[in-house]
Amino acid sequence: MEWLQCINCPERYDALSIRYTCDCGGLLSVERDTIMDRNSFDDRRTSRAPIDQSGVWRFREGVVNLDRVITHPEGSTRLYERNGLFYKHEGENPTGSFKDRGMTVAVTQAVRVGARAVACASTGNTSASLAAYAAQAGLRAIVFVPAGKVASGKLAQTLAYGATCLQVRGDFDAAMRLVRDACDKLGIYLVNSINPFRIEGQKTIIWELLQDLRWESPDWIVVPAGNLGNTSAFGKALREAHANGWITKMPRLASIQASGANPFFLSYEERFATRHRVQAETIASAIRIGDPVSYDKAVDAIRVTNGIVEQVSDEEIMAAKREIDGMGIGCEPASAATLAGVKKLKAAGIMKDDEQIVCVLTGNILKDPEANMRMENVVEIDATLEAVEKVL
Ligand code: F0G
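In my numbering, the protein residues as written are 258 to 649.
Written out as structure tokens, the structure reads:
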């Protein structure tokens with residue numbers, strides 16, 4: 258059985274309590290005392306049952322052990338190898354981002370605690386995922402987004418799935434503060450990654466990756482970092498995989514921020530002596546976040562994995578995106594921060610050519626259509642063969 262554990266003090270709460278932080282203000286973590294065997298996870302890869310086909314619920318003993326879940330199913334994404342690097346493409350999830358892995362668990366938990374409405378603040382992917390899973394569960398969905406700052410593919414999905422969309426005049430950080438307040442006062446269930454059940458689902462990105470690699474750890478796992486839910490989830494996943502004896506070597510985490518939205522990088526540079534907050538600006542709108550909520554858990558993730566934090570410019574992000582798109586894989590800008598980070602870290606000699614490196618691509622190429630319109634590839638012509646020949 259699971260319980261909610263404060264990460265800063267000994268306090269524990271029941272797994273069915275509706276709370277996201279401890280009375281002391283610390284973040285909460287879902288903990289359990291069972292030791293899990295990885296063999297059953299491997300056996301389920303050939304099962305036809307939807308719960309086993311889900312790349313989240315296949316690991317249910319380490320997520321939340323329930324039989325009735327709200328699942329698409331999700332996960333079971335591909336691992337690509339291109340030019341000596343590996344890419345785990347989480348944009349292949351049902352709504353096109355890794356958020357589905359956390360959302361299937363958070364919405365399952367919402368139903369379990371009897372919630373009628375669910376809410377989140379979002380730069381677009383969480384809101385699209387929430388809208389889809391809430392629709393499936395028959396719950397009301399309310400999303401708080403920074404007005405004018407959400408990529409059109411994400412907004413379109415959110416609206417199509419039927420969520421009520423509150424466009425907040427302010428940035429993501431303002432929307433985040435507002436949704437926390439609104440959920441507390443209005444009795445709405447909050448499913449941002451401050452909700453510890455989201456983290457439990459997102460751990461399975463790592464567990465499935467390790468399974469893809471036959472439980473042989475890579476040297477590095479590279480992830481874009483915004484609100485720091487994924488960085489936190491990856492650290493917890495690796496800590497638990499190691500504690501359960503599924504892996505013997507601890508991979509190193511590399512969290513990559515956009516240089517215009519780099520509070521975690523600034524703290525890392527000071528060995529986490531101070532928590533920074535910034536006014537965020539970047540072309541990668543998914544990670545346009547200046548005050549990441551899961552900061553404390555993410556610091557722990559970097560420490561337990563001997564990890565690092567790097568920053569990359571918008572130009573580096575877009576150059577890396579072109580490369581990933583040019584391999585026929587494709588991703589949204591935030592996801593390309595991974596490859597941009599790898600290039601920078603290799604140039605600095607921190608990552609080596611003979612090391613196995615896995616980039617986690619967090620969102621699908623169609624999420625941000627505006628970022629894809631490479632108009633230099635478009636030529637308008639008259640409807641004649643002569644005109645075609647002239648261009649070619
Ligand atoms: N990549 C994509 C495509 C994202 O949508 C996000 C976060 C991240 C990376 C960063 O992950 O926040 O766990 O550090 N998107 C959130 C949202 C904020 O609302 O969709 P993180």
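For glycine and all other residues, C-beta sits at the position ideal for the given N, C-alpha and C.
Residue closest to residue i, alpha-carbon to alpha-carbon, out of the options
| i | options | result |
| --- | --- | --- |
| glycine 348 | Arg335, Gly359, His499 | Arg335 |
| alanine 272 | Asp299, Thr365, Ser570 | Thr365 |
| alanine 392 | His329, Asn350, Gly283 | His329 |
| aspartate 428 | Asn350, Val599, Lys406, Cys422 | Lys406 |
| lysine 493 | Pro626, Val321, Lys554 | Lys554 |
| serine 512 | Trp503, Ile540, Val556, Pro475 | Val556 |
| glycine 585 | Val599, Arg369, Lys600, Ile622 | Ile622 |
| threonine 291 | Asn452, Asn322, Ala605 | Asn322 |
| phenylalanine 355 | Ile327, Met630, Lys601, Gly312 | Gly312 |
| asparagine 296 | Trp314, Trp503, Glu331, Ala576 | Trp503 |
| valine 400 | Lys601, Val370, Ala432 | Ala432 |
| threonine 491 | Val480, Pro475, Leu435 | Just to set this straight, residue 491 is phenylalanine in the shown sequence, not threonine. The shortest C-alpha separation from phenylalanine 491 is found at Val480. |
| alanine 367 | Pro267, Asp309, Asn452 | Asn452 |
| asparagine 265 | Glu637, Glu627, Ala576, Tyr552 | Tyr552 |
| leucine 342 | Ala417, Glu580, Cys377, Ala605 | Glu580 |
| phenylalanine 298 | Ala420, Tyr337, His499, Asp469 | Asp469 |
| alanine 417 | Val436, Leu387, Leu435, Gly444 | Leu387 |
| alanine 420 | Leu443, Ala376, Arg434 | Ala376 |
| leucine 412 | Lys442, Arg437, Ala378 | Ala378 |
| tryptophan 464 | Leu443, His499, Thr531, Asp441 | His499 |
Simplified DSSP state of residue i, which is helix, strand or coil
| i | result |
| --- | --- |
| glutamine 220 | Residue 220 falls outside the range modelled here, since the chain spans only 258 to 649, and no answer is possible. |
| isoleucine 338 | Note on residue identity: the sequence assigns glutamate, not isoleucine, to residue 338. Strand, per DSSP. |
| leucine 485 | coil |
| aspartate 271 | strand |
| phenylalanine 429 | helix |
| glutamate 288 | strand |
| phenylalanine 529 | coil |
| histidine 499 | helix |
| lysine 345 | strand |
| glycine 458 | helix |
| tyrosine 446 | strand |
| isoleucine 586 | coil |
| proline 508 | coil |
| leucine 523 | helix |
| tryptophan 472 | coil |
| cysteine 616 | strand |
| alanine 494 | helix |
| glutamate 318 | helix |
| leucine 649 | coil |
| phenylalanine 235 | The structure shown does not extend to residue 235, since the chain spans only 258 to 649, so no value can be given for it. |
| alanine 376 | strand |
Beta-carbon spacing of residue i, residue j below 9 Å
| i | j | result |
| --- | --- | --- |
| serine 516 | glutamine 459 | no |
| glutamine 514 | alanine 594 | yes |
| methionine 360 | glycine 319 | no |
| glutamine 424 | alanine 408 | no |
| tryptophan 477 | valine 615 | yes |
| proline 351 | alanine 394 | no |
| aspartate 582 | asparagine 629 | yes |
| serine 450 | valine 599 | no |
| isoleucine 462 | arginine 358 | yes |
| valine 362 | glutamate 259 | no |
| valine 287 | phenylalanine 454 | yes |
| serine 474 | alanine 558 | no |
Residues near residue i in its chain [Cβ-Cβ closer than 6 Å; skip 5 each side]
| i | result |
| --- | --- |
| arginine 397 | Ala374 |
| alanine 372 | Tyr446 |
| asparagine 563 | Arg509 |
| aspartate 430 | Gly547, Asp548 |
Backbone CA spacing between residue i and residue j [nearest angstrom]
| i | j | result |
| --- | --- | --- |
| serine 384 | glutamine 414 | 9 Å |
| isoleucine 544 | lysine 578 | 15 Å |
| glutamate 497 | arginine 289 | 11 Å |
| leucine 485 | glutamate 526 | 16 Å |
| cysteine 588 | valine 648 | 29 Å |
| leucine 466 | threonine 641 | 51 Å |
| glutamate 612 | isoleucine 565 | 16 Å |
| alanine 482 | arginine 471 | 26 Å |
| cysteine 263 | glycine 282 | 9 Å |
| valine 617 | tyrosine 344 | 6 Å |
| arginine 315 | aspartate 280 | 33 Å |
| isoleucine 638 | valine 645 | 7 Å |
| alanine 306 | asparagine 501 | 26 Å |
| lysine 439 | asparagine 634 | Looking at the sequence provided, one finds alanine at residue 439 rather than lysine. Alanine 439 and asparagine 634: Cα-Cα distance of roughly 46 Å. |
| threonine 505 | arginine 317 | 22 Å |
| leucine 495 | alanine 518 | 26 Å |
| glycine 332 | arginine 631 | 30 Å |
| glutamate 643 | asparagine 340 | 39 Å |
Contacting residues, own chain, Cβ-Cβ under 8 Å from residue i (five flanking each side not counted)
| i | result |
| --- | --- |
| lysine 603 | Lys609, Asp610 |
| arginine 276 | Leu261, Tyr270, Leu285 |
| glycine 353 | Asn382, Ala385, Gly410, Gln414, Gly620, Asn621, Leu623, Lys624 |
Beta-carbon proximity list for residue i, same chain, < 7 Å, skipping 5 on both sides
| i | result |
| --- | --- |
| isoleucine 574 | Ala515, Ile540, Ala541, Pro590, Ala593, Ala594, Ala597 |
| phenylalanine 529 | Val556 |
| histidine 533 | Pro520, Leu523, Ser524 |
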